[in-house]
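If you read the sequence shown in our numbering, its first letter stands for residue 1, the second for the next number, and so on.
Note that beta-carbon positions come from the ideal geometry of N, C-alpha and C, so glycine has one too.
Remember, it's a predicted structure, so these values are computed and weren't measured experimentally.
The structure under discussion appears below in the form of structure tokens.
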Amino acid sequence: MTLLQITSLLIVLAGAFGTINYLYLKLPTAIGILIVSLAASFGVMLLDIVVPSLGVAAVVRAAVLDIEFSDALLEGMLGLLLFAGALHVKLSDLKREWVVVALMATIGIALSTTIVGYGFSWLTGMPILVALVFGALISPTDPVAVLGVLRQANLPKSLETKIAGESLFNDGVGYVVFLVLVGLAFPHGDSHSAGMAGAAQLFFQEAVGGAVLGLVLGWLTFRVMRRIDDYSLEVLITLGLAFGGYELAVYLHVSAPIMAVCAGLLIGDVGARYGMSDETRQYIDAFWMLIDEILNAVLFLLIGIEVFAIAFELDFLVAGVASIALALTARLAAVAVPVLMLRPFRGFSEGVIPVMTWGGLKGGISVALALSLPEGEWKPLILTATYMVVIFSIVVQGLSVAKLAKRVTSTER
Numbered sequence: 001m002t003l004l005q006i007t008s009l010l011i012v013l014a015g016a017f018g019t020i021n022y023l024y025l026k027l028p029t030a031i032g033i034l035i036v037s038l039a040a041s042f043g044v045m046l047l048d049i050v051v052p053s054l055g056v057a058a059v060v061r062a063a064v065l066d067i068e069f070s071d072a073l074l075e076g077m078l079g080l081l082l083f084a085g086a087l088h089v090k091l092s093d094l095k096r097e098w099v100v101v102a103l104m105a106t107i108g109i110a111l112s113t114t115i116v117g118y119g120f121s122w123l124t125g126m127p128i129l130v131a132l133v134f135g136a137l138i139s140p141t142d143p144v145a146v147l148g149v150l151r152q153a154n155l156p157k158s159l160e161t162k163i164a165g166e167s168l169f170n171d172g173v174g175y176v177v178f179l180v181l182v183g184l185a186f187p188h189g190d191s192h193s194a195g196m197a198g199a200a201q202l203f204f205q206e207a208v209g210g211a212v213l214g215l216v217l218g219w220l221t222f223r224v225m226r227r228i229d230d231y232s233l234e235v236l237i238t239l240g241l242a243f244g245g246y247e248l249a250v251y252l253h254v255s256a257p258i259m260a261v262c263a264g265l266l267i268g269d270v271g272a273r274y275g276m277s278d279e280t281r282q283y284i285d286a287f288w289m290l291i292d293e294i295l296n297a298v299l300f301l302l303i304g305i306e307v308f309a310i311a312f313e314l315d316f317l318v319a320g321v322a323s324i325a326l327a328l329t330a331r332l333a334a335v336a337v338p339v340l341m342l343r344p345f346r347g348f349s350e351g352v353i354p355v356m357t358w359g360g361l362k363g364g365i366s367v368a369l370a371l372s373l374p375e376g377e378w379k380p381l382i383l384t385a386t387y388m389v390v391i392f393s394i395v396v397q398g399l400s401v402a403k404l405a406k407r408v409t410s411t412e413r
């Protein structure tokens, strides 16, 4: 199929599944689309078992693999999603929580990667470096999935900022850690690093370079927008920043996700206050909210149909179930350690540890990173375990975290 045909099919299916969810399931849109998509996928598989002569599953599987989910997300959708998410996080709010956010996006990612990596290696016998790659790709949380659910819980502003900021930045940091570990675990693959010195250099180049590029491009865009009062042109400029900046970051070998977050934060705060009229601000907010909703609908649809790429072997499924418990344990450590480190110096909302632990939803970036791994004996196991963790996270945690948040949170101390 051509790119236009694939895009058209995905949008039609997202609209159809979203309608089914709205009329019958009445779940949060993204989660509802995922569940309907997953049900439809299993329905096709069941039909193929009942009437094997049809061969429907093989046709659908070929079409799913033709979509190249990893490239579609990592080289297209991710930049727009992160930019859109960052636009709605104010720097003034983030400034008050920056220490917590920084610790969770750095120490938290390191702890989670280590715990999952060593635990998965012990469970499966996988080489430790390869298992750490799995730990890195399963550690980032999905900012849009968790925020879309938690908004219903009327959280204290400080807790919402912690969750939003940490989710935005740990996507970028987790991606950089993943690239570094892939370079160490698969040295003959497509890698930018060699050895620990090269890994450290790559981390610095990707993380710091991405942040600097995002701030520079965001500042230049802000300076241009200050001289313009045309909302349609200014919307187009922000779209150019998100698309062009992401591709420039890829070309320069710096972190494109971190670039998108930093540019989005600057435009959403400084740019909105000093470079836009009220009319422009309303149009930009509405435009990016719509982009966010559409891309998330398509993304969760894709996650649902990626079940066709999964290997349904008993050993893999058992490892996947164990990985769910392992990922939750690692998430608890990633949240609890930074909070306990800072508790003597500042107050926290009640329930911050359980809410942020259970609300650390995994999403499409984990599946995309798993799909992007070099082919090898361990890739099917990693992909199956990743998929099971992501589905459990979105469906079970996503549908229950708002109730948990309402139960355990109160006003900020």
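(message) Taking the straight line between their C-alpha atoms, what separation do you get for A325 and G79?
(response) 30 angstroms
(request) Specify, as a first and last residue, the run of the alpha helix (DSSP H) that F178 falls within. (result) K157 to A185
(request) Along the alpha helix (DSSP H) that carries Q282, what are the first and last residues, could you check? (result) D278 to I305
(request) Determine the burial state of M341: buried for a count of at least 16 other Cβ atoms within 10 Å of its Cβ, exposed for fewer. (result) exposed
(request) Could you spell out where the alpha helix (DSSP H) holding E97 opens and where it closes? (result) Looking at the DSSP string, E97 is not in any alpha helix (DSSP H), and its letter there is neither H nor E.
(request) State the DSSP-derived secondary structure class of T141, mapped to helix, strand or coil. (result) coil
(request) Compare the beta carbon distance of S277 and E206 with 9 angstroms and say whether it is the shorter of the two. (result) no
(message) Please give the ranges of any alpha helix (DSSP H) in the stretch 10-85, keeping only runs that are unbroken, at least 4 residues long and fully inside the region.
(response) 29-50, 56-67 and 69-72
(message) Quick check: the Cα distance between E97 and E166, rounded to an integer number of angstroms?
(response) 10 angstroms
(request) Spell out a yes or no on whether the stretch 206-223 and the stretch 252-266 are touching, meaning 3 or more CB-CB pairs, one atom from each, closer than 8 angstroms. (result) yes
(request) Go to R407, then tell me how far its alpha helix (DSSP H) extends in each direction, as first and last residue. (result) G398 to V408
(request) Report buried or exposed for W358, applying the criterion of at least 16 other Cβ atoms within 10 angstroms of its Cβ. (result) buried
(request) Could you give the DSSP three-state label for I228: helix, strand or coil? (result) coil
(message) Measuring only the C-alpha atoms, how far is P93 from D315?
(response) According to the sequence shown, residue 93 is Asp rather than Pro. The alpha-carbon atoms of D93 and D315 are separated by roughly 46 angstroms.
(message) Helix, strand or coil, according to DSSP, for F415 in the structure here?
(response) What the structure shows of the chain is the stretch from 1 to 413, and residue 415 is not part of that stretch, so it cannot be assessed.
(request) Under the assumption that A322 contacts L111 (Cβ atoms under 8 angstroms), give the Cβ distance between them as a whole number of angstroms. (result) That pair is no contact at about 19 angstroms.
(request) Report the three-state DSSP secondary structure of M1 (helix, strand or coil). (result) coil
(request) Since I believe A102 is in contact with G268 (beta carbons under 8 angstroms), could you give me their beta-carbon distance rounded to a whole number of angstroms? (result) Actually they do not touch by this definition, with Cβ atoms about 19 angstroms apart.
(message) Relative to the C-alpha of F69, which candidate in V133, I394 and V298 has its C-alpha closest?
(response) V298
(request) Going by CA-CA distance only, name the one from E279, L129 and R223 that's closest to W378. (result) L129
(request) Compute the Euclidean distance between the alpha carbons of A57 and D48, then round it to the nearest angstrom. (result) 6 angstroms
(message) Looking at the secondary structure, which residues open and close the alpha helix (DSSP H) in which P257 lies?
(response) A256 to L266
(request) Sort V261, V224, L217 and G18 by Cα distance to L248 and report the nearest one. (result) L217
(message) Whole angstroms are fine: how far does the CA of I382 sit from the CA of H192?
(response) Model confidence at H192 stands at a pLDDT of 45, short of 50, so the residue's coordinates are unreliable; what they give is reported in the following sentence. Rounded to whole angstroms, H192 to I382 spans 22 angstroms at the Cα level.
(request) Starting from the Cα of M289, find the closest Cα among H88, A40 and G15 and give me that residue. (result) H88
(request) Grab me the residues of A311's own chain with a C-beta within less than 6 angstroms of its C-beta, minus the 5 sequence neighbours each way, in chain order. (result) P380 and T384
(request) Would you mind stating whether I391 and G174 have Cβ atoms separated by less than 9 angstroms? (result) no
(message) Whole angstroms are fine: how far does the CA of L241 sit from the CA of A263?
(response) 8 angstroms
(request) Report the three-state DSSP secondary structure of S372 (helix, strand or coil). (result) coil
(message) Just to confirm my understanding: we take F17, look at its own chain, exclude 5 residues before and 5 after, and list those with CB closer than 7 angstroms. What are they?
(response) I33, V36, S37 and L301
(request) Put S393 into one of helix, strand or coil per three-state DSSP. (result) helix
(request) Give every residue of the same chain whose Cβ lies closer than 6 angstroms to the Cβ of L73, excluding the five residues on either side of it in the sequence, and list them in chain order. (result) G364 and A368
(message) To the nearest angstrom, how far is the alpha carbon of I138 from that of K362?
(response) 7 angstroms
(request) Flag this pair as yes or no: are the beta carbons of F279 and Y231 separated by less than 9 angstroms? (result) Checking the displayed sequence, the identity of residue 279 turns out to be Glu instead of Phe. Result yes, Cβ atoms of E279 and Y231 sit closer than 9 angstroms.
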